[in-house]
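*Asks:*
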Amino acid sequence: MDDKSVNTAEQLRQQLYRIAPEVFREGKIDWEKLKASLGEKTTYDNERYTLNWAGKGAAISQIYEPTKKTLTPVKGDSLNFDSCNNLFIEGENLEVLKLLGERYTQKVKMIYIDPPYNTGKDSFIYKDKFYESKKEYLKRTASTERSNTFQQNQHIAVNGNENGHYHSNWLNMIYPRLYLGRNLLKDEGVILIHIDENEINNLELVCNEIFGEENKLGTIIWDKGNPKGDAKRIAYQHEYIVVYARNKADFVNKSKLKRPKKNAQKILNKAASLYSKLGKSGVPADLKNVVKKYGMSEKLLHDYKRNITLEDINRDFYQWVQSQKNFSGGEKAYNKIDEHGNVYRTVSMAWPNKKKAPDEYFTPLTHPITKKKCPIPARGWRYPEKTMKKLLNDNMVIFGPDHKKQPERKYLLTENMFENVPSILFFGGSDDKYLRELDIPFENPKPYELAKELISYFTTNNQDIILDFFAGSGTTAHAVLDLNAYSPGRQFICVQLPEVIKKKSSGFDHIASLSLSRIKKSYQRIVESLPDDLKEEFETKQGVKVFKLTDC
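Using UniProt numbering, you'd call the opening residue of the sequence shown number 1 and step up by one each time.
Structure (structure tokens):
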């Protein structure tokens, strides 16, 4: 009876953790937080490890306040309203997230956001008012009228770093939005958040609380390649992309977090070109390079013509691979071509653990030419005898010129076209030039190619939904459209507050109209670039449905 009671209690805890990891602290239920999650008033006076700040209670209360808004379709501003699944919503994102919960709870595969970094110059919709009424809040956000254009900037407050609630203001803004966003994620869903050094520490603490520390997938360092020029301290040239899963176990079971080796196809193409010369009359590339380097007459090469051998091909291929400055170390390792034209690398077959391997991992290998035994690694082979025999039969073991060299395992590039996503991504440049060509004025836009790459890592074209509730200039929507050009199936939901744009940015009243314009113009550019066999499907099935946040 007692065992059953214990099991039942543990099952309940596991179920509660699955739906509300934020109410747990160090493996135990935080009863005050659970009460707050159920909409009850609570205090945070208990001495325990927790993240706290001025206004946290009010920020949590905002999560549970019902919205009196609705999403109204605007077909006149839309593009293929009746045939596409992409959504663009103009309105305050906290209210929009509550409305999206009615239809999209546990439907979103990926949240990808670039929120304000809290640099001291950011504008937040929340001023330092932690206990204002819902009516006052709606009045400030101007969401009670169609004039959602924020005609006066009294609705937006600059969160200066001289403010005593500098970090608290940012936390009060981000907390309820992340909480509501989590509710929209599938169990295997993920969230990626761009941030810089100003709030990285607080962001990770907030995400640990909302998503659970054990659901963190990691933090990606985005190396932008250009240090900040006005820095008074260390010049940062990187930002962070914080990554959490709604449920890490489900994500691992249902997702393959891999990326294509960037230069794999380039390597294969070069190898195929060189291999096609096998047995043909010609001059090795290294001799050609010497003649060219010293300005010698090419007539000298005539006497050196001979049938190209596999050794010649491998020498030329190795030199070419090593000369590629943008290749990673892992890519440069694939510098050999076998007798069938396959590109491969060799890897040690030594037992990887510190302890000695079992006896069956010490089977000696005989060199095919000298017929003598090759050296066995001190701790044994990586594979048991049965596996070693199969590798030998499949010609996947590479021997040295004689028996003195330890044999190695052969890895074909065609069987290893994908690699793990690294913790550091090198991605310089910006979309400034592209947006100027579209006549879209926007400061510091994120490169859509970076967004496109990240989205491709974490989603598939199997109707995966990507949500961005800080849409900005529309980078996420553009990236999804670009992916759909050749691999249709992903959908975006983008939300943008209609924040007034400064007068110098002529042509747009607010950021939401700018973002929508960028989406439409990017769509048109993609249409113009597509071949005819892909153009019709993209042109009719892609686009954007526009909605506005209005009173019911």
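We put the beta carbon where it would ideally sit given N, CA and C, even for glycine.
Quantities reported herein were computed from a predicted structural model and do not represent experimental measurements.
Which runs of the alpha helix (DSSP H) at least 4 residues long sit entirely within the stretch 384 to 432? Give them in chain order.
*Replies:* You should have 385 to 393.
*Asks:* Ordered along the chain, which non-local residues of its own chain (more than five positions away) have a Cβ less than 8 angstroms from that of Ser515?
*Replies:* The residues are Phe88, Ala471, Gly472, Ser473, Gly474, Ala477, Cys494, Gln496.
*Asks:* Here's the rule: buried if 16 or more other CB atoms are within 10 angstroms of the residue's CB, otherwise exposed. What is Asn420?
*Replies:* Exposed, because fewer than 16 other Cβ atoms sit within 10 Å of the Cβ of Asn420.
*Asks:* In angstroms, rounded to a whole number, what distance separates the CA positions of Ile241 and Ile220?
*Replies:* Approximately 5 angstroms, taken between the alpha carbons.
*Asks:* With which residues is Phe492 paired in a DSSP beta bridge?
*Replies:* Answer by DSSP bridge pairing, in chain order: Ile466.
*Asks:* Exposed or buried, what is Val6 when buried is set at 16 or more other beta-carbons lying within 10 Å of its beta-carbon?
*Replies:* Because Val6 carries a pLDDT of 45, less than 50, the predicted location of this residue cannot be relied on, and the following value inherits that uncertainty. Val6 is exposed by the Cβ-count criterion.
*Asks:* Could you check what DSSP says for Leu79 in three-state terms: helix, strand or coil?
*Replies:* Correct three-state label for Leu79: strand.
*Asks:* Where do the ends of the alpha helix (DSSP H) carrying Glu443 lie?
*Replies:* Unbroken run through Glu443: none, as it is neither H nor E.
*Asks:* Please check the pair Ser430 and Pro407, which I expect to be a contact at CB under 8 angstroms, by giving their CB distance rounded to whole angstroms.
*Replies:* Contact flag wrong, Cβ pair sits at about 49 angstroms.
*Asks:* Starting from Thr475, trace the alpha helix (DSSP H) both ways and give me its first and last residue.
*Replies:* Thr475 -> alpha helix (DSSP H) spans 475 to 486.
*Asks:* Using DSSP with H/G/I as helix, E/B as strand and the rest coil, what is Lys266?
*Replies:* Residue state, collapsed to three classes: helix.
*Asks:* Excluding the 5 residues preceding and the 5 following Glu539 in the sequence, name in chain order all residues of the same chain whose CB lies nearer than 6 angstroms to its CB.
*Replies:* Same-chain partners within the cutoff: Val527.
*Asks:* Taking the CB atoms as reference points, tell me whether Glu204 and Asn118 lie closer together than 8 angstroms.
*Replies:* No, these two residues do not count as a Cβ contact at 8 angstroms.
*Asks:* Measure the CB-CB distance between Asn182 and Arg103 and report whether it falls below 8 angstroms.
*Replies:* Per the sequence shown, the amino acid found at residue 182 is Arg instead of Asn. Cβ distance not < 8 angstroms, so Arg182 and Arg103 don't count as in contact.
*Asks:* Going by DSSP in three states, Thr540 sits in which element: helix, strand or coil?
*Replies:* Of the three classes helix, strand and coil, the one that applies to Thr540 here is helix, per DSSP.
*Asks:* Hey, which unbroken runs of the alpha helix (DSSP H) at 4 residues or more fall wholly within the stretch 326 to 356?
*Replies:* Entirely contained in the stretch 326 to 356, the alpha helix (DSSP H) runs reaching 4 residues are, in chain order, 329 to 332.
*Asks:* Quick one: measure Cβ to Cβ for Asp464 and Arg490, integer angstroms, because I've assumed they're closer than 8 angstroms.
*Replies:* Right, the Cβ-Cβ distance comes to about 5 angstroms (below 8 angstroms), so this counts as a contact.
*Asks:* Can the beta-carbon of His167 be found less than 8 angstroms from the beta-carbon of Trp53?
*Replies:* Yes, these two residues count as a Cβ contact at 8 angstroms.
*Asks:* Measuring CA to CA, which of Lys216, His194, Glu197, Ala249 is closest to Glu188?
*Replies:* For Glu188, the nearest C-alpha among the options comes from Ala249.
*Asks:* Please list, in chain order, all residues of the same chain as Lys258 whose beta carbon is under 6 angstroms from its beta carbon, the five residues on each side excluded.
*Replies:* Closer than 6 angstroms at the Cβ level, and outside the excluded window around Lys258, lie Phe418.
*Asks:* Let me know the secondary structure DSSP gives Arg379 once reduced to three states.
*Replies:* Residue state, collapsed to three classes: coil.
*Asks:* What does the alpha-carbon distance come out to for the pair Lys541 and Asn85?
*Replies:* Going from the Cα of Lys541 to the Cα of Asn85 covers about 8 angstroms.
*Asks:* Give the DSSP bridge partners of Lys28, in chain order.
*Replies:* Answer by DSSP bridge pairing, in chain order: Arg25.
*Asks:* Spatial neighbours of Pro445 within its chain, please: C-beta separation below 8 angstroms, excluding the five flanking residues on both sides.
*Replies:* Once the five neighbours on either side are set aside, the close Cβ partners of Pro445 are Ser430, Asp431, Asp432, Leu435, Gly472, Ser473, Thr475.
*Asks:* Excluding the five sequence neighbours on either side, which residues of its own chain have a C-beta within less than 8 angstroms of the C-beta of Gln237, listed in chain order?
*Replies:* Counting only Cβ-Cβ distances below 8 angstroms, and skipping sequence neighbours, we find Asp223, Lys224, Gly225, Asn226, Pro227, Lys228.
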